[in-house]
Amino acid sequence: MRSIIPIIAVISTAAAHCTRPQLVEAVDAYLKTQTSGKISDLTSRFDNSTWLGYYENGKKVDPSIGILNKPLAITHNRSIYDTTACATYSEVIVNSTADPHVIGTQLRFANHHINKVDTIITKPGDWLFNITGYAYWAAFENWSEIPEAQRDTRDTLKKAADAYCDLFNNPNVTVPWGTPCVRLEGGLYGDPGPNGTCAVGVPSGVPLKNRRYVIDETYGAVDVMLDFGNSQWPDTHEFRIEKGKLRYMDMHCKYIPCYKTFAQILEPYFFTFV
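The following block contains the structure:
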């Protein structure tokens, strides 16, 4: 028995261990693949022995027929790297009049290779989609590296993100609102001034389930992919947290027609950049 335990420990450590440079390299390959449409640049990095699947908008599909086969002219991207969970999240913006997209992708790793791709793809017709607004405000926001002495712990970051997500189904949750705080949703933006608040326009009775996290203390960032409401709409919320308080929330969601009622609730609290 004494000989089995160390072996299991070594296998577990090898499977879980990853470094930031390794994650950065994999994300670079993902971005190259999406730009070129040559999926072999990414599939060569898949770990077939632990493969969990390729997902688009919550549905498992064959990578060979997914959006990665479509060359897209990426105009802006930003990524975070989770060396604890061996995962990454990338926000990809294609600011094009002909074929605009906002894409959020989580990559997960085992044995130093990708073993899951989870992508949420939005385009015209989806929830509040406005590529001009999204591209402008995403570039405007400050998601720069936080000085090491000022970084929040992983636990603090996750609790802040969860508090906001829990609020949708429990109005009594205490959320660590920051001031200023601003939301970017599909292209609509809140008040970017010094008194901007995110504590408005949140519905109730809406469970946010099946949460998948990527947490990066270096950037004070948490991405949460989830199923929105009982209809399980594919959604991603990315949070910037500074000194334990919510600063930015970037969100995009796959459009569902009955979701218009939620848009009507939120719209008075936003303006659109055109």
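In the working numbering, the protein residues as written are 115 to 388.
Idealized CB from N, CA, C, for every residue including glycine.
Checklist entry - Just reading off the alpha helix (DSSP H) that residue 223 is part of, what are its end residues? => result On the sequence shown, residue 223 is found 109 positions in, with the first residue counted as 1. Not the alpha helix (DSSP H): residue 223 falls in the beta strand (DSSP E), residues 215-224.
Next on the checklist: Helix, strand or coil for residue 183? Go by DSSP, reduced to three states.
Outcome noted: In the sequence shown, residue 183 corresponds to position 69, counting from 1. Three-state DSSP puts residue 183 in a helix.
Item to check | Contacting residues, own chain, Cβ-Cβ under 8 Å from residue 132 (five flanking each side not counted) | outcome: Position 18 of the sequence shown, counted from the first residue, corresponds to residue 132. Excluding positions up to five away in sequence, the list reads 197, 200, 223, 226.
Checklist entry - DSSP state of residue 299, grouped into three classes? => result As a position in the sequence shown, residue 299 is number 185, starting the count at 1. Strand, per DSSP.
Next on the checklist: Output needed for residue 318: all residues of its chain with C-beta closer than 6 Å, excluding positions within five of it in sequence on either side, in chain order.
Outcome noted: Taking the sequence shown and counting its residues from 1, one reaches residue 318 at position 204. Excluding sequence neighbours, residue 318 sits near 285.
Next on the checklist: Please report the distance separating the alpha-carbon of residue 174 from that of residue 148.
Outcome noted: The residue you call residue 174 lines up with position 60 of the sequence shown. The residue you call residue 148 lines up with position 34 of the sequence shown. Using only the alpha carbons, I get a separation of about 18 Å.
Checklist entry - Would DSSP call residue 167 helix, strand or coil? => result Numbered from 1 along the sequence shown, position 53 holds the residue referred to as residue 167. DSSP places residue 167 in strand when its eight states are reduced to three.
Item to check | Residue of 353, 352, 340 minimising C-alpha distance to residue 172 | outcome: Here residue 172 refers to the residue found at position 58 when the sequence shown is read from its first residue. It is 340 whose Cα lies nearest to the Cα of residue 172.
Next on the checklist: If you reduce the DSSP assignment to three classes, tell me which class residue 372 lands in.
Outcome noted: Stepping through the sequence shown from its first residue, residue 372 is reached at position 258. Reliability of the predicted coordinates at residue 372 is poor, the pLDDT of 38 falling under 50, and the value obtained from them is presented with this limitation in mind. DSSP places residue 372 in helix when its eight states are reduced to three.
Item to check | Alpha-carbon spacing of residue 202 relative to residue 335, whole angstroms | outcome: For the purposes of this step, residue 202 is identified with residue 88 of the sequence shown, where counting begins at 1. For the purposes of this step, residue 335 is identified with residue 221 of the sequence shown, where counting begins at 1. Cα to Cα, residue 202 sits roughly 11 Å from residue 335.
Checklist entry - By a C-beta neighbour count over all protein chains shown, 10 Å radius and 16 as the cutoff for buried, is residue 139 buried or exposed? => result Against the sequence shown, residue 139 aligns to sequence position 25. Per the 10 Å Cβ criterion, exposed.
Next on the checklist: For residue 368, count the other beta carbons within 10 Å of its own beta carbon; 16 or more makes it buried, fewer makes it exposed. Which is it?
Outcome noted: For the purposes of this step, residue 368 is identified with residue 254 of the sequence shown, where counting begins at 1. Residue 368 is classed as buried because its beta carbon has at least 16 other beta carbons within 10 Å across all chains shown.
Next on the checklist: If distances are taken between C-alpha atoms only, which option among 255, 349, 298, 361 comes closest to residue 169?
Outcome noted: Residue 169 sits at position 55 when you count from the first residue of the sequence shown. If we check each option's Cα against that of residue 169, 349 comes out closest.
Item to check | DSSP three-state assignment for residue 310, whether helix, strand or coil | outcome: To locate residue 310, count along the sequence shown from 1; it is residue 196. Coil.
Next on the checklist: Taking 6 Å as the limit between beta carbons, can you name the residues of its chain near residue 343, skipping five residues before and five after?
Outcome noted: Here the question's residue 343 lines up with position 229 in the sequence shown. Counting only residues of its own chain and dropping the five nearest sequence neighbours on each side, residue 343 has a CB closer than 6 Å to the CB of 320.
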